[in-house]
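*Asks:* Residue numbers (the numbering used here): 1 to 408. Ideal placement from N, C-alpha and C gives every residue a C-beta, glycine not left out.
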Amino acid sequence: MKIAVVGGGASGLVAAIYAKTKENEVIILERNKTCGKKILMTGNGRCNYWNQHFTSNFFHTHEKETLEKIISKDNQEEIKNFFKKIGIIPKIKDGYYYPYSNQAVSILEALIYEAKRLRIKIENNFYVNSIIKKENYFFINDSLKFDKVIIATGGSAAPKTGSDGVGFQLAKSFQHTIYKPLPSLVQLISNEKFLKEWAGVRCESLVSIYENENLIQEQFGEIQLTDYGISGICIFNLSRYASIGLEENQKITIKINFVPFTKQPINIFLDEYNKSVTKRSIKKLLEGFLNKKLIPIILYRSSIKEDVYYEELKKEEQQRLWKFLTSFELPIIGTKSFFNAQVTIGGISIKEINPNTMESLKEKGLYFVGEILDVDGDCGGYNLGFAWISGMLAGKNIKEENARKNEK
Ligand SMILES: Cc1cc2nc3c(=O)[nH]c(=O)nc-3n(C[C@H](O)[C@H](O)[C@H](O)COP(=O)(O)OP(=O)(O)OC[C@H]3O[C@@H](n4cnc5c(N)ncnc54)[C@H](O)[C@@H]3O)c2cc1C
Numbered sequence: 001m002k003i004a005v006v007g008g009g010a011s012g013l014v015a016a017i018y019a020k021t022k023e024n025e026v027i028i029l030e031r032n033k034t035c036g037k038k039i040l041m042t043g044n045g046r047c048n049y050w051n052q053h054f055t056s057n058f059f060h061t062h063e064k065e066t067l068e069k070i071i072s073k074d075n076q077e078e079i080k081n082f083f084k085k086i087g088i089i090p091k092i093k094d095g096y097y098y099p100y101s102n103q104a105v106s107i108l109e110a111l112i113y114e115a116k117r118l119r120i121k122i123e124n125n126f127y128v129n130s131i132i133k134k135e136n137y138f139f140i141n142d143s144l145k146f147d148k149v150i151i152a153t154g155g156s157a158a159p160k161t162g163s164d165g166v167g168f169q170l171a172k173s174f175q176h177t178i179y180k181p182l183p184s185l186v187q188l189i190s191n192e193k194f195l196k197e198w199a200g201v202r203c204e205s206l207v208s209i210y211e212n213e214n215l216i217q218e219q220f221g222e223i224q225l226t227d228y229g230i231s232g233i234c235i236f237n238l239s240r241y242a243s244i245g246l247e248e249n250q251k252i253t254i255k256i257n258f259v260p261f262t263k264q265p266i267n268i269f270l271d272e273y274n275k276s277v278t279k280r281s282i283k284k285l286l287e288g289f290l291n292k293k294l295i296p297i298i299l300y301r302s303s304i305k306e307d308v309y310y311e312e313l314k315k316e317e318q319q320r321l322w323k324f325l326t327s328f329e330l331p332i333i334g335t336k337s338f339f340n341a342q343v344t345i346g347g348i349s350i351k352e353i354n355p356n357t358m359e360s361l362k363e364k365g366l367y368f369v370g371e372i373l374d375v376d377g378d379c380g381g382y383n384l385g386f387a388w389i390s391g392m393l394a395g396k397n398i399k400e401e402n403a404r405k406n407e408k
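(1) Quick one: complete beta strand (DSSP E) runs, 3+ long, within the stretch 241–287?
(2) Near residue 206, what residues of its chain come up, given a Cβ to Cβ distance below 8 Å and the 5 sequence neighbours on each side ignored?
(3) Which residues in the same chain as residue 61 place their Cβ atom closer than 7 Å to its Cβ, once the five residues preceding and following it in sequence are excluded?
(4) Taking 6 Å as the line, does the beta carbon of residue 349 fall inside it for any heavy atom of ligand 1?
(5) Do you know whose CA, among 46, 408, 95 and 5, lies nearest residue 154's CA?
(6) Below 8 Å on the Cβ atoms is my guess for residue 244 versus residue 182; work out the distance and round it to an integer in Å.
(7) Which whole-angstrom value is the C-beta distance of residue 201 and residue 225, which I expect to be below 8 Å?
(8) Just checking: is the beta-carbon of residue 348 within a distance shorter than 7 Å of some beta-carbon in chain C?
(9) Measuring CB atoms only, is the stretch 120–129 touching the stretch 12–29, in the sense that at least three cross pairs come out at less than 8 Å?
(10) Can you list the alpha helix (DSSP H) stretches of 4 or more residues lying completely in the stretch 73–113, in chain order?
(11) What are the residues that DSSP puts in a beta bridge with residue 336?
(12) Quick one: complete beta strand (DSSP E) runs, 3+ long, within the stretch 22–68?
(13) Where in the stretch 153–190 do unbroken runs of the alpha helix (DSSP H), each at least 4 residues long, occur, reported from the N-terminal end onward?
(14) If you draw a straight line from the alpha carbon of residue 321 to that of residue 298, how long is it in whole angstroms?
(15) For the stretch 140–149 against the stretch 359–375, do three or more pairs of beta-carbon atoms, one drawn from each stretch, fall closer than 8 Å, so that the two count as touching?
(16) Can at least three beta-carbon pairs, one atom from the stretch 383–400 and one from the stretch 6–21, be found at a separation below 8 Å?
(17) For residue 333, which residues of its own chain have a beta-carbon under 7 Å away from its beta-carbon, when the five flanking residues on both sides are left out?
(18) With a CB to CB cut of under 6 Å and the five nearest residues on each side skipped, what residues in its chain are close to residue 32?
Right, here's the structure in full:
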């Protein structure tokens, strides 16, 4: 049997390795001059390839039930063993798995080594622009003929790595439903005038995202304040709600609690804190727990002068200060584009895919794996985790189907 894997990224490499047998000729068709360009960028060059707390709670899709079948416990165990077998020793930090070498290249090279060991053919600089089925065969770019095709072209995020969304066009030609692709795990843009003043600040905060006046989700972690808006892992995890909300013309707001370290109500905390320190102006008082760049922004917005004392503040001034410290509102007018995004929301409906095999329910012999599907995960190794598992399922199914045929 002749099998084409379109795209030599995370899901494509694993799919190819699992599909290869003596009887199965497997060819990876990769548009770049090397495979796995994106893998090298993951986890800031360290590749956060898995997570200890891998459950569907960290994923988003229109079809949660189908997703749960794909990422079953057995499949999770199998892919973890696969990485052990290809020589990856994990370093686990807060549940995040990295290769012990701390280098993404270790993961990529282990996959490429395995592919070459199994004599999988890799055609680099090969751009697939059409897949047509005639009778029982697939024809790629009107010339190459295959029995089965696995589409592993990724989504639209980080197009400079090769995944520019072309896979969606290929899927459309087989009448698949595609939920509109939108950027996620991405920075958020605001148009507030003071942004240049807070650029460069990093601080731990509790951040919440609101659609109109409704709280959608909150996250705790380090935020990075920038001259265009706001970034950081917790913002990345909230960004999908901004992408979707803005697409639907909803009003999106981020609210920041700059004092997440106290469980006390802010009025009590500030009263007690003010009494516990030697006499000092409000500016000096805030310097005890706030980044210096934030103080003039918060005091200006609260209409409070820097040299007054906390106990001198009028009730309305105190209330404004409490609000800006615990619920600083940042209107969001956009997200950064796919160029900056780590992952794609939307894609091919997994309702149209067999969750045990990743085979299309619309076209026999055609498989979809990885980010091209309508599944996106939070930061933490979930997106690669989904790419590996879905690739494994497609490859394994092809291998087992072939073995069954040979037995007959
Ligand atoms: C900066 C960054 C950091 C990330 N960090 C992490 C992380 O630490 N942990 C994590 O879990 N996830 C991370 N992700 C997300 C993760 O990398 C992706 O979800 C995952 O790589 C998707 O795998 P894939 O196989 O579906 O697609 P990709 O890895 O994008 O591979 C698709 C491949 O298909 C090729 N291709 C596309 N179209 C064609 C065509 N027409 N013809 C031939 N070849 C084609 C591309 O060149 C590419 O090689 C990160 C993403 C980015 C951008």
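*Replies:* With the given structure in hand:
(1) 252–257
(2) 218, 219, 220, 256, 257 and 260
(3) 67, 350, 374 and 375
(4) no
(5) 5
(6) 7 Å
(7) 4 Å
(8) Judged by its chain identifiers, the structure shown contains no chain C, having just a single protein chain.
(9) yes
(10) 73–85
(11) Residue 336 is not bridged to any residue.
(12) 25–29
(13) 166–172
(14) 7 Å
(15) yes
(16) yes
(17) 189, 190 and 191
(18) 162
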